[in-house]
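Protein chains in written order, with the working numbering: chain A, 1110 to 1321; chain B, 7 to 232. We put the CB at the ideal spot given by N, CA and C, even for glycine. A short write-up of the structure that comes next.
Written as structure tokens, this is what we have:
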């Protein structure tokens, strides 16, 4: 079966696929509403902000496996992922004072530290990639203002399912694996322009669905 | 660069998704340092998309990873596993250095000068902060103007050890330099701090005496050489 023919089924079988991203119906589990988990993370982060090493140990016990799983998934190399995990925990220690529980869930903050570090590593590996002129031109565009809202995983699940299957697949691959648009296009044997379009429309549709 | 509305939504979403190419990615990170609207859009996307990683399987780290992290964040304690003979050697050396310093009567046995630089994500300096010997006075120089949004102020804080509340060191200048004499509370706080933070506050600074807005920067406070 060619990867272009049946995009979803083929993605799981396609030999070029680096990662099995799972079925779209199961990738978005029920929202994690564990208030105790959040409280533990917030307490550990506050302890890190006051330079308490026991808090860092506690935070590590709570999240290191999950964060390392994300790093392994994105970097595709266990040794580099372990090295990245060290770097991320040093950054978390240094930046713990910047976390504000009023502005988001603690695990989201931790995950963002880890994902952006992994993305930086991936992009540094691939410096030779050509710049995306569409993205560049958008940096100078002028539109109206943005709104603030409280977002849940349930809303993400609902709004993801409202996207086209191609949009879902591209967004999921980009977020979970850290692949560039070029790499996603190559993996799925699809035109780069289509992948860019699906990602852009998918993001804006998600914003429209979840942002209000 | 001004970025709003749908363009901001898309760029912030692509940044969080990881599909923004390297140069726009760096430019957006630079924007995040200066533009609260962009920062808000970014945080909203982090919230929106976090659920996409929920089913990534965990991986147990190697046993050596946590000790390596602790050694990096607390290098002195990590080196603390020394036998009594090495401790005796260190104590002798420390005593010798102390006696030497006393004998030659160095004029500066009090606290050394302190310095910190606030940089944007590309490493370009935004403010330079320095304090005199003993932290009696402090100077803050805006290397680049126009960073602080209108109708807002950025407030400088000395982060305190052992869970003590941060102490305000005043507002950051929008441009030019500001020289200020520190109160005794500020002086002690600065001497005790190893890091400084900048928070986003209403005009005139925090109304509560504690940071009320987003902490935008945390920088290490270094002892200046000599």
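Cutoff 8 angstroms: residue i Cβ touching any chain A Cβ
i: residue 160 (chain B); result: no
i: residue 76 (chain B); result: yes
i: residue 57 (chain B); result: yes
i: residue 203 (chain B); result: yes
i: residue 87 (chain B); result: Here the model assigns residue 87 (chain B) a pLDDT of 49, short of 50, so the residue's position is not dependable, and the following value carries that caveat. Closer than 8 angstroms: no.
i: residue 64 (chain B); result: yes
i: residue 15 (chain B); result: yes
i: residue 1 (chain B); result: Because chain B spans 7 through 232 in this model, residue 1 (chain B) falls outside it and cannot be assessed.
i: residue 79 (chain B); result: yes
i: residue 221 (chain B); result: yes
i: residue 31 (chain B); result: yes
i: residue 176 (chain B); result: no
i: residue 165 (chain B); result: yes
Contact list for residue i against chain A, beta-carbon separation under 9 angstroms
i: residue 140 (chain B); result: Residues of chain A passing the Cβ test: none, with the nearest at roughly 23 angstroms.
i: residue 129 (chain B); result: Under the 9 angstroms cutoff, chain A gives no residues; its nearest Cβ is about 14 angstroms from residue 129 (chain B).
Residues near residue i by beta carbon distance below 7 angstroms, same chain, minus five either side
i: residue 209 (chain B); result: 157, 158 and 159
i: residue 1318 (chain A); result: 1268 and 1271
Spatial distance of residue i from residue j (CA atoms)
i: residue 65 (chain B); j: residue 1193 (chain A); result: 13 angstroms
i: residue 1323 (chain A); j: residue 1151 (chain A); result: Examination of residue 1323 (chain A) is not possible in this model, given that chain A is present from 1110 through 1321 alone.
i: residue 1243 (chain A); j: residue 21 (chain B); result: Bear in mind that a pLDDT of 33 at residue 1243 (chain A), under 50, signals an unreliable position, so the model cannot answer this.
i: residue 1302 (chain A); j: residue 1276 (chain A); result: 13 angstroms
i: residue 153 (chain B); j: residue 163 (chain B); result: 18 angstroms
i: residue 196 (chain B); j: residue 155 (chain B); result: 26 angstroms
i: residue 124 (chain B); j: residue 1210 (chain A); result: 24 angstroms
i: residue 1285 (chain A); j: residue 1179 (chain A); result: 7 angstroms
i: residue 141 (chain B); j: residue 194 (chain B); result: 8 angstroms
i: residue 1163 (chain A); j: residue 18 (chain B); result: 35 angstroms
i: residue 206 (chain B); j: residue 37 (chain B); result: 15 angstroms
i: residue 129 (chain B); j: residue 1157 (chain A); result: 25 angstroms
Min CB distance residue i to chain B below 8 angstroms
i: residue 1273 (chain A); result: no
i: residue 1175 (chain A); result: yes
i: residue 1276 (chain A); result: no
i: residue 1191 (chain A); result: yes
Contacts of residue i in chain B (Cβ-Cβ under 8 angstroms)
i: residue 1213 (chain A); result: 49, 52 and 53
i: residue 1267 (chain A); result: Those do not exist, as residue 1267 (chain A) stays about 11 angstroms from chain B at its closest Cβ, beyond 8 angstroms.
i: residue 1171 (chain A); result: Per Cβ cutoff of 8 angstroms: no residues; residue 1171 (chain A) is ~11 angstroms from chain B at best.
i: residue 1195 (chain A); result: 71, 74, 75 and 78
Proximal residues of chain A, C-beta to C-beta of residue i below 7 angstroms
i: residue 189 (chain B); result: Result: empty, since nearest Cβ-Cβ is about 22 angstroms, beyond 7 angstroms.
i: residue 25 (chain B); result: 1283, 1289, 1290 and 1308
Proximal residues to residue i (C-beta, below 8 angstroms), its chain only, five neighbours per side dropped
i: residue 1171 (chain A); result: 1146, 1149, 1150 and 1153
i: residue 216 (chain B); result: 171 and 172
i: residue 1204 (chain A); result: 1222
i: residue 79 (chain B); result: none
i: residue 1173 (chain A); result: 1194 and 1198
Any C-beta of chain E under 8 angstroms from that of residue i
i: residue 1194 (chain A); result: Going by chain labels, chain E is absent from the structure shown, which instead holds the protein chains A and B.
Within chain B, partners of residue i - CB distance below 9 angstroms
i: residue 1162 (chain A); result: 76, 79, 80 and 83
i: residue 1151 (chain A); result: By Cβ distance, chain B contributes nothing, its closest Cβ being about 14 angstroms from residue 1151 (chain A), past 9 angstroms.
Taking contact to mean 3 or more Cβ pairs, one atom from each stretch, closer than 8 angstroms, check whether the segment 1263–1277 of chain A and the segment 45–65 of chain B are in contact.
yes
Report yes or no: do the segment 60–74 of chain B and the segment 18–38 of chain B share at least 3 C-beta pairs separated by less than 8 angstroms?
no
Quick test of the definition: if touching needs 3 or more C-beta pairs under 8 angstroms, does the segment 177–191 of chain B touch the segment 132–142 of chain B?
yes
Contact the segment 220–227 of chain B vs the segment 180–195 of chain B: 3+ CB pairs below 8 angstroms:
no
When you compare the segment 1144–1160 of chain A with the segment 1205–1225 of chain A, are there three or more beta-carbon pairs, one atom per stretch, that lie closer than 8 angstroms?
yes
Just checking, does the segment 1218–1228 of chain A make contact with the segment 1181–1195 of chain A on the three C-beta pairs under 8 angstroms criterion?
yes
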